[in-house]
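The letter at position 44 of the sequence shown is residue 44 when you use full-length UniProt numbering, and the numbering goes up by one with no holes.
As structure tokens, the structure follows; a few thoughts come after it.
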Amino acid sequence: MSKLAQWLRPNESRFFALLEAQARQAQRGVHLLGEIVEREPGEADLRQYAEQMRGLEQEGDAIRRQVIEELVRSFMTPIDREDIYDLSRSLDDILDYAHTTVQEFLVYAIPFERAIREMAGALREGVDALTEAVMGLVKPGPQVHAAIVRAKKMENRMEELYRESNAELFLSQDVHHIFRMREVYRHLSNAADRLDRAADMVGSILIKGMG
1 MSKLAQWLRP NESRFFALLE AQARQAQRGV HLLGEIVERE PGEADLRQYA EQMRGLEQEG
61 DAIRRQVIEE LVRSFMTPID REDIYDLSRS LDDILDYAHT TVQEFLVYAI PFERAIREMA
121 GALREGVDAL TEAVMGLVKP GPQVHAAIVR AKKMENRMEE LYRESNAELF LSQDVHHIFR
181 MREVYRHLSN AADRLDRAAD MVGSILIKGM G
């Protein structure tokens, strides 16, 4: 095959493999976040967890760069170029917010309260569903739509928990506690927002593929 033909021909397996790798990397990060809040480690162990999360985040950034490089050098793509870019960005953002949350656990000495455990649990379930949906893009079926619905359901649950947690938080008289907990809640909520965007993007890709 000539170089021109290779450039014109969409490398379907490559793009789907990269998106799947990104989804799995986000899943690893969110599962690690869940493990941290469940185990409630002391400072020394938390630092080790933070380094582990940092490694996952850096690996995720490397996959994201591969996606962009592949988009730049490919004339044709198996699905809309902008959809690939936006889905990749949302998956990367989920991992980034998981990383930032763990950093805040360390910097602010965050207590692992019930609200954080519940939010981390809902996020984990949502990202598990999202990962299933992304992996189904290569051969779409009914299970992909079902996974999208589950992911969005968990995002809705996250937003409920976010509002409830903030309402409860502002009953406190401790301004420092309010500030540090609100930062963590905000980043968990942002991760859920990117989960929702990614799920919508997978749905959009499915609909376009039916045309």
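Ideal placement from N, C-alpha and C gives every residue a C-beta, glycine not left out.
Starting from residue i and walking both ways along the alpha helix (DSSP H), at which residues does that stretch end?
| i | result |
| --- | --- |
| residue 217 | Any property of residue 217 remains undetermined from this structure, which presents the chain solely from 1 to 211. |
| residue 213 | This structure cannot speak to residue 213, because the chain is shown only from 1 to 211. |
For residue i and residue j, what's the separation of their Cα atoms in angstroms?
| i | j | result |
| --- | --- | --- |
| A5 | T77 | Bear in mind that the predicted position of A5 carries a pLDDT of just 41, short of 50, making it too unreliable to give a figure here. |
| A129 | I84 | 19 Å |
| P140 | G209 | 9 Å |
| L106 | V138 | 39 Å |
| V67 | A44 | 35 Å |
| Y185 | A109 | 14 Å |
| F112 | D80 | 41 Å |
| G55 | G126 | 22 Å |
| T101 | V72 | 32 Å |
| A17 | A23 | 10 Å |
| Q173 | R39 | 28 Å |
| E118 | A146 | 23 Å |
| R64 | E160 | 30 Å |
| V37 | P142 | 34 Å |
| E183 | R197 | 21 Å |
| A150 | Q103 | What sits at residue 150 in the sequence shown is Arg, not Ala. Each residue's alpha carbon lies about 28 Å from the other. |
| Q48 | G34 | 15 Å |
| N156 | L46 | 29 Å |
| N166 | A120 | 15 Å |
| W7 | L87 | With a pLDDT of only 43 at W7, under 50, the local geometry of the prediction cannot be trusted, and no value is derived from it. |
Rounded C-beta distance between residue i and residue j? I'm assuming under 8 Å.
| i | j | result |
| --- | --- | --- |
| M181 | A122 | Not a contact, Cβ separation roughly 17 Å. |
| R14 | E69 | About 11 Å; that fails the 8 Å criterion. |
| I148 | A199 | 5 Å |
| M135 | E20 | 5 Å |
Could you confirm whether any beta carbon from chain C is found closer than 8 Å to the beta carbon of residue i?
| i | result |
| --- | --- |
| T100 | Note that chain C does not occur in the displayed structure, where there is just one protein chain. |
Hey, would you say the C-beta of residue i is under 7 Å away from at least one heavy atom of the ligand GDP?
| i | result |
| --- | --- |
| T101 | As for the ligand GDP, it is missing from this structure, which has no ligand bound. |
### Task
Note down, one range per segment and in chain order, each alpha helix (DSSP H) of at least 4 residues found wholly within the stretch 119-194.
If only uninterrupted alpha helix (DSSP H) runs of at least 4 residues are considered, those enclosed by the stretch 119-194 are 142-169.
### Query
Counting Cβ pairs closer than 8 Å, one from the stretch 130-137 and one from the stretch 174-189, do we hit at least three?
The stretch 130-137 makes no contact with the stretch 174-189: fewer than 3 CB pairs, one atom from each, lie closer than 8 Å.
### Message
Under 8 Å: do the stretch 195-208 and the stretch 65-77 share three or more Cβ pairs, one atom per stretch?
### Response
Counting C-beta pairs with one atom in each stretch, the stretch 195-208 and the stretch 65-77 have fewer than three that are closer than 8 Å, which means they do not touch.
#### Entry: Cβ contact check for the stretch 57-64 and the stretch 88-107: 3 or more pairs under 8 Å
These segments touch.
### Task
Report yes or no: do the stretch 24-35 and the stretch 95-106 share at least 3 C-beta pairs separated by less than 8 Å?
They touch, by the three-pair rule.
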